[in-house]
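In the numbering used here, the protein residues as written are 29 to 514.
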């Protein structure tokens with residue numbers, strides 16, 4: 029069940045009408061209604077998650093139970109040494125025995141076997157048939173943020189297991205984020221919800237925009253991207269360049285589309301999820317790009333990796349290492365392949381190079397004093413350079429293997445001959461056009477505040493037409509969300 033499928037619409041409508049119409053008519057006591065509501069949302073979330081594989085429910089329940097218990101113990105324990113070991117227990121259980129086993133065991137074993145096999149003539153460690161649970165990295169990091177914050181005494185321990193379990197498994201963001209922390213989500217479970225407080229127009233806009241990004245734009249170019257990435261050696265350098273750009277853009281459209289639909293779904297149920305993307309392709313620097321891309325993961329890495337390592341309160345060399353290591357962790361988090369490890373490391377290198385550039389050539393005048401005639405060409409140059417850096421890294425993110433990634437890169441820089449079809453140029457031009465048109469409109473609406481509100485009656489009257497257009501523009505075969513594998 030994915031957000032862009034008909035099954036999800038049926039499921040969500042059932043949840044929506046039960047929450048806002050069935051329960052209020054059955055219960056006059058608000059406290060009892062809220063309690064039943066939380067139980068219902070919890071059961072619905074587990075049903076949603078287990079629709080992929082019923083066995084996945086036991087894993088998320090195990091992670092939830094461990095961190096709930098650790099949180100209670102951390103709150104009642106005064107001995108710092110014991111509290112430290114409790115936190116260590118949570119970290120090891122989640123990162124090693126849950127996330128580590130299901131996501132990284134075969135990757136580590138295969139890597140070790142590739143080194144030892146030539147020496148011993150056989151694999152020294154067994155490769156297991158492990159099904160990767162959807163979104164395991166998301167709910168693991170989310171649950172860990174709770175125990176870490178309780179350990180730091182930044183939030184109180186949650187005593188209600190139902191509320192805590194709902195925080196971990198809330199279905200709109202369960203499988204692919206946005207990553208929420210207990211400090212931002214748990215208070216919402218204690219706030220009474222009213223149907224009249226829902227911003228229906230905003231929520232529907234989020235969902236429809238997300239659907240358009242994912243089911244129309246991303247899925248439309250998926251066959252072109254898959255064709256080129258499946259055989260980089262057989263395609264022309266221009267086709268490889270097109271695939272590099274389209275691959276990076278597809279990841280954005282796919283993931284930001286999911287995030288938008290998740291935010292819209294949560295809003296319709298009375299909950300607020302954090303923004304996950306903020307027009308990243310308008311960025312003119314590496315650091316600016318990552319402040320706009322997958323913002324909840326980068327915030328998590330900043331709060332729980334970068335700052336605990338010393339952040340910027342250390343020497344210049346150590347700060348650069350902290351930046352690189354944080355991006356390296358981001359790469360490892362994304363996938364159990366050497367392509368993801370290299371992708372994260374490469375982004376870290378570009379981040380460090382930008383820091384070195386700023387130290388060597390500090391901006392003394394400031395942006396406000398840049399000559400007016402030079403601003404647009406300078407922005408355009410910086411934007412193209414920054415996007416090119418991202419697209420280069422996206423080759424490793426989207427490639428099926430380490431070998432394919434290097435064939436792809438070599439084909440670009442050696443101007444490889446091969447196949448290129450007109451439809452590849454067509455897909456590239458129209459998707460680039462939609463991307464930057466959307467970013468420019470978003471810039472004037474969200475960053476310049478120049479958007480104009482249309483009458484509510486006209487907007488709701490247009491919904492059936494928009495719904496019909498989106499359905500007609502949706503490709504026949506839906507493509508699973510890319511971030512489900514993470």
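A virtual CB, placed ideally from N, CA and C, is assigned to each residue, including glycine.
Same chain, Cβ closer than 7 Å to residue i, neighbours up to 5 away in sequence not counted
i, result
"residue 321", "305, 308"
"residue 264", "444, 445, 446, 447, 448"
"residue 395", "Note that residue 395 has pLDDT 48, beneath the 50 cutoff, so the model's placement of it is unreliable and the number below is only indicative. Result list for residue 395: empty, nothing under 7 Å."
"residue 135", "364, 365"
"residue 467", "307, 309, 310"
"residue 244", "498, 501, 502"
"residue 356", "372, 373, 376"
"residue 145", "151"
"residue 452", "252, 267, 270"
"residue 278", "246, 249, 250, 253"
Whole-angstrom distance between residue j and residue i, CA atom to CA atom
i, j, result
"residue 476", "residue 330", "28 Å"
"residue 326", "residue 492", "37 Å"
"residue 104", "residue 98", "10 Å"
"residue 229", "residue 42", "20 Å"
"residue 339", "residue 314", "18 Å"
"residue 380", "residue 426", "23 Å"
"residue 6", "residue 502", "No answer is possible for residue 6: it lies beyond the span of the chain, which begins at 29 and ends at 514."
"residue 74", "residue 271", "37 Å"
"residue 194", "residue 65", "11 Å"
"residue 39", "residue 199", "11 Å"
"residue 276", "residue 33", "24 Å"
"residue 385", "residue 318", "17 Å"
"residue 302", "residue 323", "9 Å"
"residue 157", "residue 225", "48 Å"
"residue 441", "residue 269", "10 Å"
"residue 221", "residue 140", "52 Å"
"residue 352", "residue 376", "4 Å"
"residue 490", "residue 439", "47 Å"
"residue 383", "residue 390", "10 Å"
"residue 214", "residue 421", "36 Å"
"residue 474", "residue 133", "43 Å"
"residue 164", "residue 203", "8 Å"
"residue 210", "residue 170", "8 Å"
"residue 494", "residue 484", "15 Å"
"residue 410", "residue 316", "11 Å"
"residue 116", "residue 90", "17 Å"
"residue 111", "residue 153", "35 Å"
"residue 387", "residue 486", "53 Å"
"residue 408", "residue 246", "25 Å"
Close-in-space but distant-in-sequence residues of the same chain around residue i (CB under 8 Å, 5 per side omitted)
i, result
"residue 84", "77, 78, 161, 162"
"residue 471", "307, 310"
"residue 172", "95, 118, 119, 122, 123, 332"
"residue 367", "424, 425, 427, 429, 430, 433"
"residue 419", "272, 273, 275, 276"
"residue 190", "63, 66, 67, 70"
"residue 436", "257, 260, 268, 271, 272, 423, 427"
Sequence-distant residues of the same chain with beta carbon closer than 6 Å to residue i, five excluded per side
i, result
"residue 35", "29"
"residue 147", "none"
"residue 337", "350"
"residue 192", "96, 186"
"residue 223", "48"
"residue 100", "185"
"residue 361", "165"
"residue 299", "216"
Beta bridge counterpart(s) of residue i as assigned by DSSP
i, result
"residue 447", "263"
C-beta neighbour in chain B for residue i, strict 7 Å
i, result
"residue 33", "No chain B is present in this structure, which holds just one protein chain."
Do three or more CB pairs link the segment 43-50 to the segment 66-73 at distances below 8 Å? yes
Within the chosen definition, does the segment 370-377 reach the segment 335-346 through at least 3 CB pairs nearer than 8 Å? In short, these stretches do not touch, since the Cβ pair count stays below three.
Taking 8 Å as the threshold, find out whether the segment 285-298 comes into contact with the segment 225-243 through three or more Cβ pairs. Under the 8 Å Cβ criterion, the segment 285-298 counts as touching the segment 225-243, having at least three qualifying pairs.
Report yes or no: do three or more beta-carbon pairs, one from the segment 251-263 and one from the segment 431-440, lie closer than 8 Å? yes
Taking only runs that begin and end inside the segment 158-228, name each unbroken alpha helix (DSSP H) of 4 or more residues, in chain order. 164-179, 189-197, 199-202, 210-213
Which runs of the alpha helix (DSSP H) at least 4 residues long sit entirely within the segment 262-333? Give them in chain order. Runs found: 265-296, 314-320, 323-329.
Runs of alpha helix (DSSP H) wholly within the segment 335-420 (minimum 4 residues, chain order): 344-362, 366-388
What are the start and end residues of each continuous alpha helix (DSSP H) run of 4 or more residues lying completely inside the segment 97-132, in chain order? 108-120
Mind listing, in chain order, the continuous alpha helix (DSSP H) runs of no fewer than 4 residues lying wholly within the segment 39-87? The qualifying runs are 51-54, 58-78.
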